[in-house]
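Colleague: Here's a structure for you.
In UniProt numbering, the protein residues as written are 1 to 303.
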């Protein structure tokens, strides 16, 4: 990769890593499912009128929207609203890599390589250490809900892969149409009309900044840059930059929110990221040159 493109890849990792702090800030004034509905209305509109529909059936678009967007972010927002630290959420959500490998093997019959199996095992041990460390200081429920978010993301990955659809900007925009109505229905049921009215009334500058960040910088700018890099270079040249997202998330939460992981959470996080790296980064394919004959496999990626 050129220096410019490497810096763009780092920029994407920074945008996605800081996204968890932005979500935390927004949730201070707005309940999770209402915030989710607002976010995805703005992801879908007005771009849905200008971005071509993805080359996939409506069933696939709906399934991807339900699992990758509604399920993943609904559970993530809920977890953070009930006590999941932003930095730790950035780390635990990467369990989706492990889940994707396991689900693809079971559902699609994709045989995991030995390296992927070892990476998944290491990552699982790391996640268990993180869970144990988190449970020492707080209830385990927020962490389990975050793991559920990672599982939902992984199911969406497998749906997209089975349909041979890349997770490009068109799929992001069109699948976003699936989210607002279910999210608003859950908000009305769980959060109630009174809380929704109160939240809309106190929807101030911090909530708007958080919403703009998650919609424009994280979802739209991040994906536009990343998809361009994926089209230009082999996946093995781009995927390693995703490993910067959890450290950026932890560091940004440390600086902005004064969240300091415990010793066990640090150890578990490092072990988990080693497992993810082993499962996703192929050292042999790094030497591949970009070109029309080199297909860019689509990795799982945060938004």
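Just so it is clear, CB atoms sit at the ideal spot from N, CA and C, and this is done for glycine as well.
Just reading off the alpha helix (DSSP H) that residue 5 is part of, what are its end residues?
Modeller: Taken as a continuous stretch (DSSP letters only), the alpha helix (DSSP H) holding residue 5 covers 3-27.
Colleague: Taking the straight line between their C-alpha atoms, what separation do you get for residue 24 and residue 81?
Modeller: Spanning the two alpha carbons is a distance of roughly 8 angstroms.
Colleague: Alpha carbon to alpha carbon, how far is residue 229 from residue 31?
Modeller: Near 35 angstroms, if we compare the C-alpha coordinates of residue 31 and residue 229.
Colleague: At 4 residues or longer, what runs of the alpha helix (DSSP H) sit wholly inside the region 95-143?
Modeller: Fully enclosed alpha helix (DSSP H) runs of 4 or longer: 95-107 and 114-137.
Colleague: Within the same chain, show all residues whose beta-carbon is closer than 7 angstroms to that of residue 257, passing over the 5 residues directly before and after it, in chain order.
Modeller: 21, 24 and 86.
Colleague: Going along the chain, which residues of its own chain have a beta-carbon closer than 6 angstroms to the beta-carbon of residue 289, five neighbours each way excluded?
Modeller: In this predicted model, residue 289 has a pLDDT of only 45, less than 50, meaning its place in the structure is not dependable; the value taken from the coordinates is given anyway. Once the five neighbours on either side are set aside, residue 289 has no close Cβ partner at all.
Colleague: How would you label residue 304, buried or exposed, when you count the other beta carbons within 10 angstroms and need 16 or more for buried?
Modeller: This structure leaves residue 304 out entirely; the chain is present only between 1 and 303.
Colleague: By the 10 Å Cβ neighbour count, where 16 or more other Cβ atoms means buried, how is residue 129 classified, buried or exposed?
Modeller: When all chains shown are included, residue 129 counts as buried.
Colleague: With a cut-off of 8 angstroms on the beta carbons, I'd call residue 271 and residue 125 a contact; round off their distance for me.
Modeller: So it is a contact: roughly 6 angstroms between Cβ atoms.
Colleague: Counting only runs of 4+ residues fully inside the UniProt domain "EamA" (143-279), write out the alpha helix (DSSP H) ranges in chain order.
Modeller: Segments of the alpha helix (DSSP H) lying fully in the UniProt domain "EamA" (143-279): 169-175, 180-186, 192-201, 205-212, 222-232, 235-238 and 245-257.
Colleague: Distance, Cα to Cα, residue 70 vs residue 184?
Modeller: So the alpha carbons of these two residues sit roughly 11 angstroms apart.
Colleague: Which class does residue 63 belong to by DSSP, given the choice of helix, strand or coil?
Modeller: It is helical.
Colleague: Beta carbon of residue 164: closer than 7 angstroms to some heavy atom of the ligand FAD?
Modeller: Although the ligand FAD was asked about, the structure shown includes no ligands whatsoever.
Colleague: In the structure shown, what three-state DSSP assignment does residue 51 receive?
Modeller: If DSSP states are grouped into helix, strand and coil, residue 51 belongs with coil.
Colleague: Assign residue 289 to one of three DSSP states: helix, strand, or coil.
Modeller: Only weak support exists for where residue 289 lies, its pLDDT of 45 falling under 50; the value from the coordinates is given anyway. Reduced to three states, the DSSP call for residue 289 is coil.
Colleague: How would you label residue 194, buried or exposed, when you count the other beta carbons within 10 angstroms and need 16 or more for buried?
Modeller: The residue is exposed, with fewer than 16 neighbouring Cβ atoms inside 10 Å.
Colleague: Among 14, 18 and 35, which residue has its Cα nearest to the Cα of residue 180?
Modeller: Nearest of 14, 18 and 35 to residue 180, Cα basis: 35.
Colleague: Rounded to whole angstroms, how far is the Cβ of residue 312 from the Cβ of residue 99, which I believe are closer than 8 angstroms?
Modeller: Nothing about residue 312 can be reported from this structure: the residues present for the chain run from 1 to 303 only.
Colleague: Helix, strand or coil: which one does DSSP assign to residue 43?
Modeller: Three-state result, residue 43: helix.
Colleague: For residue 277 and residue 241, I'd like the C-alpha separation in whole angstroms.
Modeller: Their backbone Cα atoms lie some 10 angstroms apart in a straight line.
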